[in-house]
Each structure stands twice: as structure tokens, then as C-alpha cells.
Amino acid sequence: MIYEFKVKGKEAQYRSIDEAIRTSQFIQNKCLRYWMENKGLRQYDLNKYCAVLAAEFPFADELNSMARQSAAERTWIAIARFCALNAPRFANDNCKKFVKGKKGYPKFKKHCRSVEYKTSGWKLSPNRKAITFRDGKNIGTLKLKGTYDLNFYDIKQIKRVCLVRRADGYYAQFAIDAVVKAEPKLTGKMIGLDLGLKFFIADNQGNIEPCPQFYRKSEKQLNRANRKKSKKFNKSAHPQAKNYHKARNRYARKHLRVTRQRKEYCKRVAYSVTQSNDLIAYEDLNVKGLVKNRHLAKSISDAGWSTFRQWLEYFGFKYGKVTVAVPPHNTSQNCSNCGHIVKKSLSTRTHVCPHCGFVEDRDVNAAINILKLALCTVGHTGTYAWGDLPSWAVGAILLFNGESVSQESNALSSVGVSKINN
1000 MIYEFKVKGK EAQYRSIDEA IRTSQFIQNK CLRYWMENKG LRQYDLNKYC AVLAAEFPFA
1060 DELNSMARQS AAERTWIAIA RFCALNAPRF ANDNCKKFVK GKKGYPKFKK HCRSVEYKTS
1120 GWKLSPNRKA ITFRDGKNIG TLKLKGTYDL NFYDIKQIKR VCLVRRADGY YAQFAIDAVV
1180 KAEPKLTGKM IGLDLGLKFF IADNQGNIEP CPQFYRKSEK QLNRANRKKS KKFNKSAHPQ
1240 AKNYHKARNR YARKHLRVTR QRKEYCKRVA YSVTQSNDLI AYEDLNVKGL VKNRHLAKSI
1300 SDAGWSTFRQ WLEYFGFKYG KVTVAVPPHN TSQNCSNCGH IVKKSLSTRT HVCPHCGFVE
1360 DRDVNAAINI LKLALCTVGH TGTYAWGDLP SWAVGAILLF NGESVSQESN ALSSVGVSKI
1420 NN
């Protein structure tokens, strides 16, 4: 479980955080270079190499020892992901657990935005409203601004503290080892969801949720801010002037606002769906493949299907609801009444079956087919479909990892099976 707070401090403290982030990036790149020059190294070898870097570079020694190890573990994640395709001894880390995501050759980091501490190098205040970092980077005490209450958890439950830099400030993320499951409230209902561009979701009962199109609505403001940023860029200047960095920050904040709007919308809809139903069936869409269509890439990215699926699977796990991802093949073409294939183009929004005369909205017809496919599914294996695993979870399947949750129901629960059979 991840709790995030915005941190408040002085300008000198923010510069110290930036220095810690740069040091973490330096260690990651050094560990990658060390692995490239010495094939056959393991994670333990990279952790030992951190001590060598600390002895050689004084600024690396200023960073907490466990933070240096955390940076090395981040490098090892990329290495293990790549080697899983090429060496059998790495296969258990990613391939056998079907961890999706990039598996190419590890690359050097250029724009890191976070530094991660383990169980040392920091200390919470008695009222848990401030945190003090006690390594050589002189970050000092930062106030925590947020609605979460850390007093509910023991200090030993906090496994990681990550400082993140964003366009609108700095944030502290606490990785807490706690059970996220809640008491399930069964409703006896099942639902099939069809994700689309005209409607965000359409269920098998004919209910629809409009697509908000946050990026489309903000596109004019984003383009204007981007033009202002470009006008202040000087090709011959190095570094750029302060006005350019201010314009770039304004542009980044607008993008951050759109991202947060999309996330909160997907979160609200996913929560409502899981609270109202015991079984949720949805399409197992290959979003990365779909966005390669240059005509629909912007609309698909703006819809936020992957974000919605992440929150749907997380809430399903937390509240004990069954979530099933089914193959999307022909769900829009098949007739949900008689089963015959009725070919239709993407512009055809109404399903009219010439065999049985069934007439229904295209998305609703697909939602009915999705629910029928889900009822024929005995279970679905949980996977992490998007994002990177944290450094403390190399080769592990976690229950919750901040915004990168992708945990589906491992099997239909006994309660869910009884509801289906009835």
C-alpha cells in the first residue's frame, strides 16, 4: 500500500533533494556500466559495488547506504527483465510469471525524478506530520501535507520512503506493508463492460458512462503553453534562461492536471462498478498495440483504458469481488442473441442481426458477449501488465504497488461461484 504526501520545505532543501536524485541516477548508470563490462554479475554484486562507488566519489558517500542499494536494485530490475528472455536462470523472475512491459536492453538514465530510501536514513516526527532525512545530503525536516494518517501503522510496517519530483512540487511516498482487503458486501449482480471511445464504458444492461476526453478539452491550452515555451527556447544558450524553465514548468503542470483528472475519473468509475457488482467482466485489450493506429492513438490514450483496468482490478481484490478479463475477439461482431457473426465497420453503431432480428446498440451487444465469455472462464491469472515493479519486488508478485496495480482475481471465489451458478 502506497501513501503519498506533498512535502513542504525551503528552497535549499529542494535543491538537496535534487542532488540526492542526481546521485541516485549516477549510481544506477554506474551499476549498469559495471554489469556491461563484467558479464555474469548478480544483484548481490551490484549491491557490493555501491560501497566501491561510495569510497571513490564523496558525493555518492553522502547518500544513505540503503538508498544507494535501492538505486542498484532499480538497475537490476531492468537487467533481470532483459535477461529473462536470454538466460534460463533468469526466467523465473519475469517470464514464468508473465510480467509484461519493456524487456529490451537496459538503457542509461537521463531524467530520473525520484530517490528511494529503505528503512534507514529517515525518521518520522512523533505526530507523523513531518519527516527528517539524516544522511549527508542535508535534506533536513520536511512537512507532510496530505489526508492520510500514518499513526495507524507501526514504523516497522513502512518498508520504503520515496521522494518524487513533479512539475508542481515534491512528494513523499510511503510503501506500507499492510493488508488492503476489506469486508466484501455482496450484491448478487454481475456486469459485462465494453470499453469504447464514444462511451467510456457500456454495460450489458444498456447503461453508459460518457467519455470525458480531458486531453481534447485542454488541447488548446496545452498547445498555447507549448508555443510560449518554444518561443523562449534559445538554441545557442546553455543553460537556458529562467523564463524558459518557467514556461516549461507551466506547460508540465497543465499536462499533470490532465493526467490527474483522468486518473480520478477512472478511479471513481471503477469504485462505483466494483461496489455495485460481485463479478465484473471486461475486455483484455492490448492498448499498446491499439495506439499504433495513428488515426485513433490520441483518442485511445485520452480514454485511459489501462488506468481504469488497474483500478478495477485493485478494487476487485480489495473488496473481494471477481474480475475477469476476456479476449475481445469478435465481441462486437457476434450477435449476443443467436451467436451468428454480423460483420460491421467501426462507424456502424447499431447491431442489427439479419438472422434473428435482434437490434441493440453496438457497445451494449459487445458487453453482453463479454459477460457470457466471463461466465465460461474458470479463472484468470493475476499479472502486472503496466509499469515497473519496485526495487524491493524483483521477481515478486505484489498485491499493491501505488499506481501500478494490475492484480486480477486468481480464481472465482466460492461466493462468486455460487452467485454465478444461481
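Our numbering numbers the first residue of the sequence shown as 1000 and each following residue consecutively.
For each residue, glycine too, the CB sits at the ideal point set by N, CA and C.
Beta-carbon contacts of residue i that lie in its chain and below 6 Å, excluding the five residues immediately before and after
i	result
residue 1319	1183
residue 1354	1337, 1339
residue 1270	1314
residue 1395	Only weak support exists for where residue 1395 lies, its pLDDT of 34 falling under 50; the coordinates are left without a value.
residue 1286	1304, 1305
residue 1027	1070, 1073, 1074, 1108
residue 1077	1105
Exposed unless 16 or more other CB atoms sit within 10 angstroms - verdict on residue i
i	result
residue 1316	buried
residue 1274	exposed
residue 1043	exposed
residue 1302	buried
residue 1350	buried
residue 1181	exposed
residue 1362	buried
residue 1333	buried
residue 1122	exposed
residue 1009	exposed
residue 1329	exposed
residue 1344	exposed
residue 1379	In this prediction, residue 1379 scores a pLDDT of 44, lower than 50, which makes its location untrustworthy; no coordinate-derived value is stated.
residue 1074	buried
residue 1268	buried
Cutoff 7 Å; reference residue i; Cβ partners in own chain excluding five residues on either side
i	result
residue 1037	none
residue 1011	none
residue 1186	1275, 1276, 1277
residue 1013	1169
residue 1376	1323, 1325
Simplified DSSP state of residue i, which is helix, strand or coil
i	result
residue 1214	helix
residue 1051	helix
residue 1143	strand
residue 1209	strand
residue 1281	strand
residue 1276	coil
residue 1314	helix
residue 1104	coil
residue 1031	helix
residue 1329	coil
residue 1166	coil
residue 1082	helix
residue 1123	strand
residue 1265	helix
residue 1157	strand
residue 1060	helix
residue 1116	strand
residue 1138	coil
residue 1074	helix
residue 1151	helix
residue 1341	coil
residue 1363	helix
residue 1258	helix
residue 1004	strand
residue 1347	coil
residue 1010	helix
residue 956	Only positions 1000 to 1421 of the chain appear in this structure, which leaves residue 956 out of reach.
Own chain, CB closer than 8 Å to residue i, minus 5 neighbours either side, in chain order
i	result
residue 1209	1198, 1199
residue 1054	1060
residue 1015	1136, 1137, 1138, 1139
Distance CB(residue i)-CB(residue j) smaller than 8 Å
i	j	result
residue 1114	residue 1040	no
residue 1366	residue 1203	yes
residue 1144	residue 1007	yes
residue 1240	residue 1231	yes
residue 1147	residue 1004	yes
residue 1290	residue 1279	no
residue 1118	residue 1062	no
residue 1116	residue 1065	yes
residue 1152	residue 1175	yes
residue 1246	residue 1234	no
residue 1045	residue 1071	yes
residue 1282	residue 1194	yes
residue 1127	residue 1149	yes
residue 1370	residue 1191	yes
residue 1108	residue 1024	yes
residue 1213	residue 1265	no
residue 1284	residue 1327	yes
residue 1335	residue 1292	no
residue 1252	residue 1167	yes
Any chain B beta carbon closer than 8 Å to residue i
i	result
residue 1074	As a matter of chain content, chain B is missing from the structure shown, which is built from one protein chain.
Secondary structure, beta strand (DSSP E): runs of 3+ residues fully inside the region 1174 to 1254: Counting only runs of 3 or more residues that sit fully inside the region 1174 to 1254, the beta strand (DSSP E) segments are 1189 to 1194, 1198 to 1202, 1207 to 1209, in chain order.
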